[in-house]
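Residue 317 in UniProt numbering is what sits at position 317 of the sequence shown, and the numbering runs on without skipping anything.
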Amino acid sequence: MRVVYDCRYVRVGRHDGISRYTAGVVGELQHLVDLVVLISDERQLEMLPAGIRWRRVSGPTSVLEPLVALQVNRLRPDVVITPMQTMGTAFRRYRVALTVHDLIYYSNPEPPHDLPGFVRVLWRLYHKAWWPQRMLLNGGDAVVTVSHTTEGLIAQHDLTRRPVVVARNAADLPDPSLVATDPDAQAGARSIVYMGSFMPYKNVETLARTAELLPEYTLHLLSRSTPADEQRLRDAAPRARLVFHRGVSDEEYHELLRRSTALVTASLDEGFGIPLVESMGYGTPVVVSDIPVFEEIGGEAALYAPATDPAAFAERIRSLEDPAEWRRRSTLSRAQAERFSWAESARAIAGLAGELTRRARSR
Numbered sequence: 001m002r003v004v005y006d007c008r009y010v011r012v013g014r015h016d017g018i019s020r021y022t023a024g025v026v027g028e029l030q031h032l033v034d035l036v037v038l039i040s041d042e043r044q045l046e047m048l049p050a051g052i053r054w055r056r057v058s059g060p061t062s063v064l065e066p067l068v069a070l071q072v073n074r075l076r077p078d079v080v081i082t083p084m085q086t087m088g089t090a091f092r093r094y095r096v097a098l099t100v101h102d103l104i105y106y107s108n109p110e111p112p113h114d115l116p117g118f119v120r121v122l123w124r125l126y127h128k129a130w131w132p133q134r135m136l137l138n139g140g141d142a143v144v145t146v147s148h149t150t151e152g153l154i155a156q157h158d159l160t161r162r163p164v165v166v167a168r169n170a171a172d173l174p175d176p177s178l179v180a181t182d183p184d185a186q187a188g189a190r191s192i193v194y195m196g197s198f199m200p201y202k203n204v205e206t207l208a209r210t211a212e213l214l215p216e217y218t219l220h221l222l223s224r225s226t227p228a229d230e231q232r233l234r235d236a237a238p239r240a241r242l243v244f245h246r247g248v249s250d251e252e253y254h255e256l257l258r259r260s261t262a263l264v265t266a267s268l269d270e271g272f273g274i275p276l277v278e279s280m281g282y283g284t285p286v287v288v289s290d291i292p293v294f295e296e297i298g299g300e301a302a303l304y305a306p307a308t309d310p311a312a313f314a315e316r317i318r319s320l321e322d323p324a325e326w327r328r329r330s331t332l333s334r335a336q337a338e339r340f341s342w343a344e345s346a347r348a349i350a351g352l353a354g355e356l357t358r359r360a361r362s363r
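Pasting the structure below:
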């Protein structure tokens with residue numbers, strides 16, 4: 001069974017969510033199947049496991065995308081897995097599983113700012129109705145999604161007749177020796193961390209207003225921000241102690257987690273939430289909005305607050321100033337993080353690929 005995995009969404013230089021998911025899954029999947037990955041830029045190989053077999057094809061935002069299967073057919077795959085649902089499938093001679101990470105952009109239609117202009121226009125048109133999603137998903141042979149929450153939404157909106165398999169997001173967990181090495185210091189650190197974009201559905205204004213209610217706390221905003229983002233948040237909470245890092249390395253991110261009281265996020269909607277798993281992996285508690293997917297990820301370890309209630313967020317953070325409560329949440333957090341693994345997700349995808357291959361060969 002030859003499996004081809006579409007790695008054309010891997011970022012150059014630094015992962016985003018889909019890029020990290022792709023690299024995590026293929027790192028384990030290569031041990032389970034005969035695997036070849038697709039790239040569109042050889043620099044993507046720097047972000048993928050060393051020595052992985054690859055082939056180069058046109059990019060996912062190219063005008064050639066509707067007919068990309070003509071290029072992929074040359075590899076003679078049994079199954080192709082793509083981490084998006086937009087891969088061209090016309091004239092394919094293989095089974096394909098398409099991935100849906102979330103349905104955020106139906107209720108929050110603003111596209112990511114780094115997409116080409118014509119793609120941003122198509123993005124908005126695509127999310128004005130459900131039928132384009134149904135057409136794409138039913139054009140494949142199976143659907144992969146990254147959470148049981150999104151699996152439920154796919155069923156609720158009747159988006160596909162194809163089988164749906166959950167292969168959850170995960171994170172590379174640190175060695176236990178690096179977990180919560182000084183819990184008393186973290187409980188009293190008066191430092192909270194946010195890792196994520198500044199798009200409207202991320203609702204970062206609530207976090208800024210929370211920090212304003214906690215005058216002795218510093219809110220570290222780690223992702224790349226624009227002057228407009230920063231001014232908007234300073235206007236929302238002029239007395240808050242906000243530090244804009246404008247992007248950090250993985251090492252800087254992990255070190256901040258190890259020195260902070262909590263990771264916080266007030267998202268109105270998400271498909272998953274890798275920062276939660278990353279923070280819990282370091283034993284750093286998370287205080288998050290009470291949306292279903294965060295409850296799936298955080299379980300009993302996380303502290304929850306209504307997404308638009310800064311006072312509730314502040315109260316939950318204050319509760320972690322008690323060293324005993326911080327230690328309890330820290331222990332629960334590490335145990336919860338260990339429930340998510342790339343190996344488990346890769347096994348789910350390998351199982352799906354095997355089933356699709358058996359169906360094809362039995363015809």
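Backbone N, C-alpha and C fix where the C-beta goes; we use that ideal spot for every residue, glycine too.
Taking buried to mean at least 16 other C-beta atoms within 10 Å of its own C-beta, is residue 326 buried or exposed? buried
If contacts are defined as beta-carbon pairs under 8 angstroms, then residue 167 and residue 211 qualify, I think. What distance do you get, rounded to the angstrom? Actually they do not touch by this definition, with Cβ atoms about 36 angstroms apart.
Determine the DSSP secondary structure at residue 100, reduced to helix, strand or coil. strand
Host alpha helix (DSSP H) of residue 357 (start-end): 342-362
Residue 359 to residue 320 span [Cα, whole Å]: 52 angstroms
Comparing C-alpha positions only, which one of 2, 176, 247, 59 sits nearest to residue 31? 2
For residue 64 and residue 11, what's the separation of their Cα atoms in angstroms? 20 angstroms
Which of the three DSSP states is assigned to residue 175 in this structure? coil
Report the option in 283, 356, 234 whose CA atom is closest to the CA atom of residue 255. 283
Measure from the alpha carbon of residue 350 to the alpha carbon of each residue in 16, 28, 8, then state which is nearest. 28
Between residue 262 and the rest of its own chain, which residues show a CB-CB distance below 7 angstroms, the 5 nearest in sequence each way excluded? 192, 284, 285, 286, 287, 317, 320
Counting pairs of beta carbons, one from the stretch 185-203 and one from the stretch 170-177, are three or more of them closer than 8 angstroms? no
Local Cβ density within 10 Å of residue 87, reported as buried at 16 or more and exposed below that: buried
Stretch-stretch touch, CB-based, cutoff 8 angstroms, three pairs: the stretch 151-164 with the stretch 297-315: no
Where residue 45 falls: helix, strand or coil (DSSP): helix
Skipping 5 residues on each side, what residues in its chain have a beta carbon closer than 7 angstroms to that of residue 417? Because the chain here runs from 1 to 363, residue 417 falls outside it and cannot be looked at.
Which term fits residue 130, buried or exposed, when burial requires 16 or more other beta carbons within 10 angstroms of its beta carbon? exposed
Going by DSSP, what residue range makes up the alpha helix (DSSP H) through residue 123? 117-126
Residue 345 burial status per 10 Å Cβ neighbour count (16 or more: buried): buried
Answer yes or no: the CB of residue 199 versus the heavy atoms of the ligand PLP, is any distance below 8 angstroms? Inclusion of the ligand PLP in the displayed structure is not the case, the ligand content being empty and no account of it being possible.
Take residue 253 and list the residues in its own chain whose beta-carbon comes closer than 7 angstroms to its own, dropping the five residues that flank it on each side. 195, 222
Bounding residues of the alpha helix (DSSP H) (the contiguous stretch that carries residue 258): 250-258
Looking only at its own chain, which residues have a Cβ that is under 6 angstroms from the Cβ of residue 247, when we skip the five neighbours before and after it? 224
Once DSSP output is grouped into helix, strand and coil, what is the label at residue 294? helix
Selected residue, minimal CA-CA separation from residue 99, among 158, 6, 43, 51: 6
Which one of 138, 9, 105 has the shortest CA to CA distance from residue 95? 138
Quick check for students: name the residue ranges of the beta strand (DSSP E) that lie wholly in the stretch 9-44, counting only runs of 3 or more. 34-39
Uninterrupted beta strand (DSSP E) stretches inside the stretch 133-187 (no shorter than 3 residues): 142-145, 164-166
For residue 356 and residue 311, I'd like the C-alpha separation in whole angstroms. 50 angstroms
Thinking just about the alpha-carbon of each residue, which of 55, 45, 78 is nearest to the one in residue 38? 55
Residue 194 in three-state terms, based on DSSP: strand
With DSSP as the reference, please indicate the residues paired to residue 81 in a beta bridge. 5, 97
Going by C-alpha to C-alpha distance, which of 57, 133, 90, 85 sits closest to residue 75? 57
Using a Cβ-Cβ cutoff of less than 8 angstroms, which residues in the same chain neighbour residue 77 once the five nearest sequence positions on both sides are dropped? 2, 3, 4, 36, 94
Can you tell me where the alpha helix (DSSP H) with residue 68 in it begins and where it stops? Note, residue 68: premise wrong, no alpha helix (DSSP H); not H, not E.
With distances taken Cα to Cα, identify the nearest neighbour of residue 42 among 26, 34, 59, 185. 59
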